[in-house]
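Final position of the sequence shown in our numbering is 416; the numbers increase by one with none missing.
We put the CB at the ideal spot given by N, CA and C, even for glycine.
On a predicted model such as this, the values are computed, not experimentally measured, just so you know.
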Amino acid sequence: MTLKAIRLLPGRQSFFSALALVVLLVACGGGDSGTAPPVSLRLERIDAGLALDFPVFLTTPPADAAGLFVVEKGGKIKVVNKATRSLIGTFLDVAALVSSGSEQGLLGLAFDPQYASNGRFYVSYTDTSGNSVIARYLVSSDPNVAVSTADVIILTLTQPFSNHNGGMIVFGRDGMLYIGFGDGGSGGDPGNHAQNQNDLLGKLLRIDVSSATAPLAYSIPSDNPFVGVSGKREEIWSFGLRNPWRYNFDRQTGDLYIADVGQGNWEEVDVSTVAGGAGKASNFGWNKMEGNHCYPPGSSCTTAGLTLPLIEYDHSNNACSIIGGYVYRGAAIPALQGTYFYGDFCAGFVRSFRLVNGSATQFFDWTALRPGGGITSFGEDTAGELYIMTTQPERLYRIVHT
């Protein structure tokens, strides 16, 4: 969720423990409900026989048109044959290293842009001490099986609470690795991490994993916003995030879409068309603001210097946690080109909009894409086609034209 995706609130159940609830699949209002969607879509279930266990992400290596790599919260990555929808096997099993309670677990996977030649991929998980770990692994001589031990531990970050771990990692078109961390958990960001620029919590980081500058296992791009600035962490690309569960770049434009889960009232999608750059870190507002509203509710605040959400929605009709998706850039459904999809874990809806001249437009609530269970994530394959993962029960769907 653009950077506020998973959370634990005082008096409320967490994103993942909420699975014990009966999910009421009622879409929240809003959107351009008076306009017919441009195309008819449906969900095609492709998990039969896969025995998925809490799927939280799906991706593919660059130029790999055959396999789908499905991440399970408990610590496994499974390889699925895209054509036959059959399980090829377990690519990586780090369950012994992972704490999977609350919002912890194996949460992210990113293949190196040069994966075909260097065999490197990166995972984000919560270790058995409750800390966030970014680690590099290597594929073995079998393309469907990874070497079982880490090649390098890239980064370890202490997490004060078991929620708001973030976990999304993705390579940008610039070849840099972007790492999302939540604000450290609890409720209201009691440690004021998200606005503290000398702290990696509540941030989107940007690092270069193709080289290392001792004592780090990575190097810091020279055009990161805080390079050379005393008292600020140079890894930071943007800040003021509550929990960056899922975020992604538009393949065509490079625009960054972040679905950030709100505290208790508002969910939001942040979009940065010129995110970062020297002296240009985007501040998305948490914990000064929740969505477009001052936080705590009833307090006063200023929006000066903040990057405000492109869209927001409230918690009516059982909505609770935004699940960020992708801008569609596949070829199978041309009418969807440039459409950004997102959902809500509790309400179960799937919605979309398009970014036109810096504004959100063409809103749709896709009734046919409501999956009937808690949405945990969207996924994208090499061809740019989109997938949805759910739990309660565990399912994997592909979005297709009817």
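Nearest to residue i (by Cα), restricted to the options the options
{"i": "L64", "options": "V414, M403, E394", "result": "M403"}
{"i": "G398", "options": "P239, F355, C334, Q118", "result": "F355"}
{"i": "S202", "options": "V275, G386, V241", "result": "Going by the sequence as given, residue 202 is Gly instead of Ser. It is V275 whose Cα lies nearest to the Cα of G202."}
{"i": "N297", "options": "G352, G254, T381", "result": "G254"}
{"i": "V70", "options": "S114, G81, G186, A382", "result": "S114"}
{"i": "T375", "options": "Q173, G352, L152", "result": "G352"}
{"i": "S138", "options": "G393, G119, A318, T73", "result": "G119"}
{"i": "L215", "options": "P204, G198, S224", "result": "G198"}
{"i": "W259", "options": "E58, G393, D328, S366", "result": "G393"}
{"i": "G122", "options": "P204, F185, A318, Y271", "result": "F185"}
{"i": "A124", "options": "G357, I272, D328, V223", "result": "V223"}
{"i": "T390", "options": "G357, D379, T381, W380", "result": "G357"}
{"i": "Y62", "options": "S100, Y232, N262", "result": "Just to set this straight, residue 62 is Ala in the shown sequence, not Tyr. A62 has its Cα closest to that of S100, out of S100, Y232, N262."}
{"i": "A97", "options": "V108, L82, F378", "result": "L82"}
Own chain residues within Cβ distance below 8 Å of residue i, not counting five before or after
{"i": "N206", "result": "N301"}
{"i": "E248", "result": "I234, N238, F240, V241, G242"}
{"i": "G372", "result": "T287"}
{"i": "T396", "result": "T74, P75, P76, A77, D78, A79"}
{"i": "A208", "result": "D197, L215, G216, K217, F253, G254, L255, R256, W300, N301"}
{"i": "A382", "result": "S54, L55, R56, L57, T416"}
Proximal residues to residue i (C-beta, below 7 Å), its chain only, five neighbours per side dropped
{"i": "V53", "result": "I347, A349, L350, H415"}
{"i": "S154", "result": "A160, V161"}
{"i": "F68", "result": "E86, K87, G88, T405, E408"}
{"i": "I148", "result": "Y136, S138, I168, L169, I183, I193"}
{"i": "F326", "result": "The sequence shown places Glu at residue 326, not Phe. Here the set comprises W280, E281, E282, G305, N306."}
{"i": "Y151", "result": "L106, F135, V137, A160, V161, A164, D165"}
{"i": "K246", "result": "Q211, N212, F240"}
{"i": "S314", "result": "C308"}
With 16 other Cβ atoms within 10 Å as the buried cut-off, status of residue i
{"i": "V370", "result": "exposed"}
{"i": "R409", "result": "buried"}
{"i": "L39", "result": "With a pLDDT of 26 at L39, under the threshold of 50, the modelled position of that residue is not reliable, and the figure given next carries that caveat. It counts as buried."}
{"i": "R412", "result": "buried"}
{"i": "D156", "result": "exposed"}
{"i": "A333", "result": "buried"}
{"i": "T140", "result": "buried"}
{"i": "D229", "result": "Residue 229 is actually Pro in this sequence, not Asp. Burial call: exposed."}
{"i": "L400", "result": "buried"}
{"i": "Q173", "result": "buried"}
{"i": "T74", "result": "buried"}
{"i": "Q128", "result": "exposed"}
{"i": "Q277", "result": "buried"}
{"i": "S366", "result": "buried"}
{"i": "P311", "result": "exposed"}
{"i": "R56", "result": "exposed"}
{"i": "P385", "result": "buried"}
{"i": "A110", "result": "exposed"}
{"i": "S143", "result": "exposed"}
{"i": "Y232", "result": "buried"}
Other residues of its chain near residue i: CB distance less than 6 Å, five sequence neighbours each side excluded
{"i": "R265", "result": "R343"}
{"i": "F263", "result": "G186, L270"}
{"i": "S200", "result": "F175"}
{"i": "L35", "result": "Only weak support is given to the placement of L35: the predicted model assigns it a pLDDT of 31, under 50, and the value that follows is read from those uncertain coordinates. Correct list: empty, nothing qualifies."}
- Message: Taking contact to mean 3 or more Cβ pairs, one atom from each stretch, closer than 8 Å, check whether the stretch 335 to 346 and the stretch 276 to 287 are in contact.
- Response: Judged by pairs of C-beta atoms under 8 Å, the stretch 335 to 346 touches the stretch 276 to 287, as three or more such pairs exist.
- Query: Is there contact here, the stretch 343 to 351 with the stretch 321 to 330, by at least three beta-carbon pairs under 8 Å?
  - Reply: Taking 8 Å as the limit for Cβ pairs, the verdict is that the stretch 321 to 330 does not touch the stretch 343 to 351.
- Item | Touching by the beta-carbon criterion (3+ pairs, under 8 Å), the stretch 186 to 205 and the stretch 214 to 221 | Enough Cβ pairs lie closer than 8 Å, so yes.
- Could you name each continuous alpha helix (DSSP H) segment of 4 residues or more that falls completely within the stretch 202 to 247, going from the start of the chain to the end? Positions of the alpha helix (DSSP H) runs, each at least 4 residues long and wholly inside the stretch 202 to 247, cannot be given because no such run exists.
- Task: Any chance you could list the beta strand (DSSP E) runs of at least 3 consecutive residues sitting entirely within the stretch 51 to 86, in chain order?
- Result: The qualifying runs are 55 to 59, 69 to 73, 81 to 86.
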